[in-house]
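Note that the sequence shown covers residues 143 to 250 in the numbering used here.
All residues carry an ideal CB built from backbone N, CA and C; glycine is no exception.
Please read all numbers here as calculations on a predicted model, not as lab measurements.
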Amino acid sequence: MAAKTKRSFLEVVVPVADYRDVEQPAARHAPRPASIKGKTVMLLPSGSCSPPFVEALAQRLVAEAGVKRAFVHEPDWPFFHPERAGKIAPEVDKLVRECDLMVVGAAY
143 MAAKTKRSFL EVVVPVADYR DVEQPAARHA PRPASIKGKT VMLLPSGSCS PPFVEALAQR
203 LVAEAGVKRA FVHEPDWPFF HPERAGKIAP EVDKLVRECD LMVVGAAY
């Protein structure tokens, strides 16, 4: 007769991963200007339903915050699409030359 071995039938795994900042400090934010007055601000919507909200926000930035110019940019390069990933860096470089401040992921 074969010897019986004691084997575990069920292994419980905790479904929680350690956050990166547990082992290393979180990254610092990019430098912020002291004021947005007189700046050119680009808003990058984060979803298909956010452009109307972001357009209204751009108008208010100009009217109420003293922003020189605020505009919305809707890229045609979804970040999750691997075939378009090569377009992202050159487009970001171009946008950086057009604005003083970029707000990414603006939505409601």
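Leaving out five residues on either side along the sequence, give the residues of the same chain with a beta carbon under 6 Å from the beta carbon of residue i.
i	result
E197	V214
A212	V183, A200, L203, V204
V245	L185
Straight-line CA distance for residue i to residue j?
i	j	result
P173	L243	10 Å
V176	R239	Checking the sequence, you will find Ala at residue 176 rather than Val. Their Cα atoms are separated by approximately 20 Å.
P232	P217	12 Å
A207	I230	30 Å
D235	C241	11 Å
List the residues that DSSP assigns as beta-bridge partners of residue i.
i	result
L243	V183
For residue i, which residues of its own chain have a beta-carbon under 8 Å away from its beta-carbon, when the five flanking residues on both sides are left out?
i	result
V209	I178, K179, G180, K181, T182, V183, L203
Near residue i, what residues of its chain come up, given a Cβ to Cβ distance below 7 Å and the 5 sequence neighbours on each side ignored?
i	result
P193	P187, V214, E216
Identify every run of the beta strand (DSSP E) within the stretch 189-230, keeping only runs that are complete inside it and at least 3 residues long; order them along the chain.
Counting whole runs of 3 or more residues, the stretch 189-230 contains the beta strand (DSSP E) stretches 211-214.
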